[in-house]
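Q:
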Amino acid sequence: MPEPPLRTERFGRRYRRSRPWAVRDISLAFPDGSMTALVGPNGAGKSTLIRACLGFERPDEGRILVAGIDPQRDRPAAVEAIGYIPQSPSLYRSLTIGDHLVMALAARRSFDRDHALARVREAGLSERRKIGELSVGEQVQVALALALGTRAPLLLLDEPLASLDPLARRDFLTALVADVRGRGATAVLSSHIVTDVEQACDRLVVLGDGRLLLDAAIATAKEEHRTVPASELDGGRGAIGTFAGPDGQLLALVLDGSAGRPASLEEIVLGHLAAARAGRVAQTA
Amino acid sequence: MTTVRLVTRQHRWVVGFVVILAFVIAALAVEAWAALAGLTAPASCIENLDAVSCADSRDFLAWNAELAERLMPAMAVLPLLAGIVVGVPLVASELETRTATIAWSLGASRRRWLLARLTALGMGLAIVLVVAAIAAELLVGVRHPLRGLNPGEFTFDDYGLHGPLVVLRGLAAFGIGVLAGLVVGRVLPALLIGGIAVVLLWGGLDALRSMGWPEPEVLVEEPGKYYMQFAFGSEATGDGTGWLDAAGQRVTWEQIVARSPIDYRPDDEDFDANAFDAWVYESFRPITLAIPGEKLAFVEWREAAALAAFTFVLLGTSVLIIERRRPT
Chain S
0 MPEPPLRTER FGRRYRRSRP WAVRDISLAF PDGSMTALVG PNGAGKSTLI
50 RACLGFERPD EGRILVAGID PQRDRPAAVE AIGYIPQSPS LYRSLTIGDH
100 LVMALAARRS FDRDHALARV REAGLSERRK IGELSVGEQV QVALALALGT
150 RAPLLLLDEP LASLDPLARR DFLTALVADV RGRGATAVLS SHIVTDVEQA
200 CDRLVVLGDG RLLLDAAIAT AKEEHRTVPA SELDGGRGAI GTFAGPDGQL
250 LALVLDGSAG RPASLEEIVL GHLAAARAGR VAQTA
Chain R
0 MTTVRLVTRQ HRWVVGFVVI LAFVIAALAV EAWAALAGLT APASCIENLD
50 AVSCADSRDF LAWNAELAER LMPAMAVLPL LAGIVVGVPL VASELETRTA
100 TIAWSLGASR RRWLLARLTA LGMGLAIVLV VAAIAAELLV GVRHPLRGLN
150 PGEFTFDDYG LHGPLVVLRG LAAFGIGVLA GLVVGRVLPA LLIGGIAVVL
200 LWGGLDALRS MGWPEPEVLV EEPGKYYMQF AFGSEATGDG TGWLDAAGQR
250 VTWEQIVARS PIDYRPDDED FDANAFDAWV YESFRPITLA IPGEKLAFVE
300 WREAAALAAF TFVLLGTSVL IIERRRPT
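In order, the protein sequences belong to chains S and R. Count the first sequence with numbering that gives the first Met the number 0 and you get residues 0 to 284, in order. Count the second sequence with numbering that gives the first Met the number 0 and you get residues 0 to 327, in order.
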């Protein structure tokens, strides 16, 4: 069986011995050519997982393999296989967009400057503009151009949508999907905004409380999960988790194929997060 | 060249500050040098400065007091200040503003990334300090009147404030700054810690130098010759002068008094001081106990080698630990 572009084996990371695990026991395989939405609340461990792929975080348990390479053993080779957008764009404010492309080319010989430049222009930006003059949204577009310019087989995008307006989000995702699908790359897109990633991604990974709550193809997850009013369940029996709907009604996420109505992706995520929270409350109690 | 251009632009404020500071000091040093070099300060004026023919000597001393003597302490501070302010932000600012995450995700090798930056800013710093060091060298060459009276002699005066030590002290401070910035990851705390480390380096060098001075030598004073080594020698040995008897043995003043055919009673009105002095200078030769100026090059290059090795260790450590550094 070929090695997937990204695989984690019981990955765990704890920042201090006295503190709880940031993430623990995460075993995932990201199939070649997939676009995975990595979803979870703040502190769920999404950024920790992504940063560990680049060797920025050292696993305290388990390991991560990027195209079969452990970043802790051979970080240069692992990094070479990754295009990355950090949580904040983190660009050099005093340099121009063009300088960033030159710098990227100096740092990575395989960097496709023309491709990145084309993306910059598609986003309506001039390479002569300084980063300090750009809005955060425009900076994210530059960060995307840099990530796409790497032509890396694996793209790791750490909450790039958070600072974009709806139109810019759509534009960003369109460009990303076109690039990833066009060359058969694999992408992991972490986000809070479930509705946006639904149009771009084909897989869903939900992290909560540092644990893996769900790992499934989006189509399968939507087929399997249904939503019913919690009042219709016998004492909540059979519910994965319960959460408040938009009208304040308490809803339950279930796996029963005949009950209620098909769950939306957002409801699937909410249901699993609610289940994790309930488990934590029960543990605390 | 691309890296040099981009790194310089990233750190343009710090680079600009150091370049302006160094060039202002260098320009003032050249101005003082030009003024002093045009003046002649003959030996006869040393003991008769008010003479009409000694106007140049008076100007010489005025220029020295007003400009040269104020510039030399600046040459002590410049390399340390320049090194630390250029070195600290090299990595610390990248960690603080999180640009390191994008830079380290684009380039496969962090070491190559750091080495490129070290080369760009380190070389720039060295060039700026070389300019200042050369200007200081020119100034030191003319600012000591006695140097002109004993041509070809070296002096320990203004030790470390000119020549290669200026550059190497700056690079050592740069190494401290880079390492502090890399470990601490924030500019201001790293400046504080790096600054303390630089002060300790300064004190450590002073202590090591005091422990490792070459053995003082006996220099027989000659009429009309002035001893530039004196101040340095007395400081190093605590006993800068003395006497040699006819057999070439060092004798103390008490021994001279004991051997005197004239009863040595300086408080007595009948005591003939002139006769006593004549006897002393006939029987003994005054000496200066000091480290000869010719040893300057040895002392200077020994410290230069130690600083170069220290800088190499600091930068080497930075290159090693950057691989394990977690970007914030």
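Ideal placement from N, C-alpha and C gives every residue a C-beta, glycine not left out.
Give the interface partners of R/Ser108 over in chain S, defined as CB-CB distance under 7 Å, in chain order.
A: Result: Pro75.
Q: Quick one: which unbroken beta strand (DSSP E) runs of 3-plus residues sit fully inside the segment 170 to 221 of chain S? Chain order, please.
A: Counting whole runs of 3 or more residues, the segment 170 to 221 of chain S contains the beta strand (DSSP E) stretches 185 to 190, 202 to 207 and 210 to 216.
Q: In the DSSP assignment, find the unbroken alpha helix (DSSP H) run with R/Ser104 in it and report its ends.
A: Residues Thr98 to Leu105.
Q: S/Met102 touches chain R at which residues, Cβ-Cβ below 7 Å?
A: Leu5, listed in chain order.
Q: Use the C-beta contact count for R/Gly174: other C-beta atoms within 10 angstroms, 16 or more gives buried, fewer gives exposed.
A: Label assigned to R/Gly174: buried.
Q: Please confirm whether S/Pro58 has its beta-carbon closer than 8 Å to some beta-carbon of chain R.
A: No, because no Cβ of chain R sits closer than 8 Å to the Cβ of S/Pro58.
Q: Distance cutoff 8 Å, beta carbons only. Does S/Asp208 sit that close to anything in chain R?
A: No, because no Cβ of chain R sits closer than 8 Å to the Cβ of S/Asp208.
Q: Which residues in chain S sit within 8 Å of R/Arg11, going by Cβ to Cβ distance?
A: What R/Arg11 touches in chain S: Ser93.
Q: Can you give me the Cβ contacts of S/Gly244 inside the same chain, cut-off strictly under 6 Å, excluding the 5 residues immediately before and after it?
A: So the list reads Leu250, once near-sequence residues are dropped.
Q: Can you grab the Cα-Cα spacing for the pair R/Arg110 / R/Glu214, in whole Å?
A: The alpha-carbon atoms of R/Arg110 and R/Glu214 are separated by roughly 44 Å.
Q: Return no unless some Cβ of chain S is closer than 8 Å to the Cβ of R/Thr2.
A: Judged by the 8 Å Cβ criterion, R/Thr2 is in contact with chain S.
Q: For S/Ser89, decide whether its Cβ has a neighbour in chain R, counting only Cβ atoms nearer than 8 Å.
A: Yes, contact with chain R.
Q: Please look up how many angstroms separate the CB atoms of S/Val65 and S/Leu5, rounded, as I've assumed it's under 8 Å.
A: Indeed they touch by this definition, with Cβ atoms about 6 Å apart.
Q: Round the Cβ separation of S/Phe29 and S/Val187 to the nearest angstrom and send it over; I've been treating them as touching at under 8 Å.
A: Confirmed, about 6 Å.
Q: Please confirm if S/Phe55 has its CB atom under 8 Å from at least one CB of chain R.
A: Cβ-Cβ to chain R under 8 Å: yes for S/Phe55.
Q: Starting from S/Arg225, trace the beta strand (DSSP E) in both directions and tell me its first and last residue.
A: Looking at the DSSP string, the run of the beta strand (DSSP E) that includes S/Arg225 is Arg225 to Pro228.
Q: Hey, out of S/Gly148, S/Ala262 and S/Ala258, whose CA is closest to S/Ile96's CA?
A: It is S/Gly148 whose Cα lies nearest to the Cα of S/Ile96.
Q: Could you tell me the boundaries of the alpha helix (DSSP H) in which R/Thr327 lies?
A: From DSSP, R/Thr327 is part of no alpha helix (DSSP H); its letter is neither H nor E.
Q: Pull up the DSSP beta-bridge partners for S/Ala36, would you.
A: DSSP lists S/Leu188 and S/Leu203 as partners of S/Ala36.
Q: Could you give the DSSP three-state label for S/Leu156: helix, strand or coil?
A: S/Leu156: strand per DSSP, three-state reduction.
Q: Quick check on R/Asp266: does DSSP put it in helix, strand or coil?
A: R/Asp266 falls in the coil class under three-state DSSP.
Q: Contact between the segment 83 to 92 of chain S and the segment 118 to 125 of chain S: three or more CB pairs below 8 Å?
A: Flag = no, the segment 83 to 92 of chain S and the segment 118 to 125 of chain S do not touch.
Q: Touch check for the segment 108 to 123 of chain R and the segment 191 to 203 of chain R: three-plus C-beta pairs under 8 Å?
A: No: fewer than three Cβ pairs fall under 8 Å.
Q: Nearest CA to the CA of S/Thr35: which residue from S/Arg236, S/Leu175, S/Ser230 and S/Pro261?
A: Nearest option by C-alpha distance: S/Leu175.
Q: Measure the C-alpha to C-alpha separation of S/Leu116 and S/Arg202 and round it to an integer number of angstroms.
A: Near 30 Å, if we compare the C-alpha coordinates of S/Arg202 and S/Leu116.
Q: What residue ranges within the segment 22 to 78 of chain S form continuous alpha helix (DSSP H) runs of no fewer than 4 residues, ordered along the chain?
A: Segments of the alpha helix (DSSP H) lying fully in the segment 22 to 78 of chain S: 45 to 52.
Q: Provide the residue(s) that pair with S/Pro261 in DSSP beta bridges, ordered along the chain.
A: According to DSSP, S/Pro261 bridges with S/Arg225.
Q: Can you look up S/Ala273 in the DSSP assignment and give me helix, strand or coil?
A: Reduced to three states, the DSSP call for S/Ala273 is helix.
Q: In whole angstroms, what separates the C-alpha of S/Gly32 from that of S/Ala184?
A: In a straight line, the C-alpha of S/Gly32 is about 5 Å away from that of S/Ala184.
Q: S/Ile68 versus chain R: which residues are under 9 Å apart at the beta carbon?
A: Simply none; closest approach about 12 Å.
Q: For R/Arg4, which residues in the same chain have their Cβ closer than 6 Å to its Cβ, ignoring the five residues on either side in sequence?
A: Closer than 6 Å at the Cβ level, and outside the excluded window around R/Arg4, lies no residue.
Q: Looking at chain S, is there any beta carbon in it that lies within less than 8 Å of the beta carbon of R/Trp112?
A: Closer than 8 Å: yes.
Q: So what's R/Ala274 in DSSP terms, helix, strand or just coil?
A: Helix.
Q: Is it right to say R/Val166 is buried, meaning 16 or more other beta carbons lie within 10 angstroms of its own, or is it exposed?
A: Buried.
Q: Quick check on R/Ala134: buried or exposed, where buried means 16 or more other Cβ atoms within 10 Å of its Cβ?
A: With 16 or more other Cβ atoms within 10 Å, it is buried.
Q: Answer with buried or exposed for R/His10, where buried requires no fewer than 16 other C-beta atoms within 10 angstroms of its C-beta.
A: Looking at its Cβ environment, which holds 16 or more other Cβ atoms inside 10 Å, R/His10 is buried.
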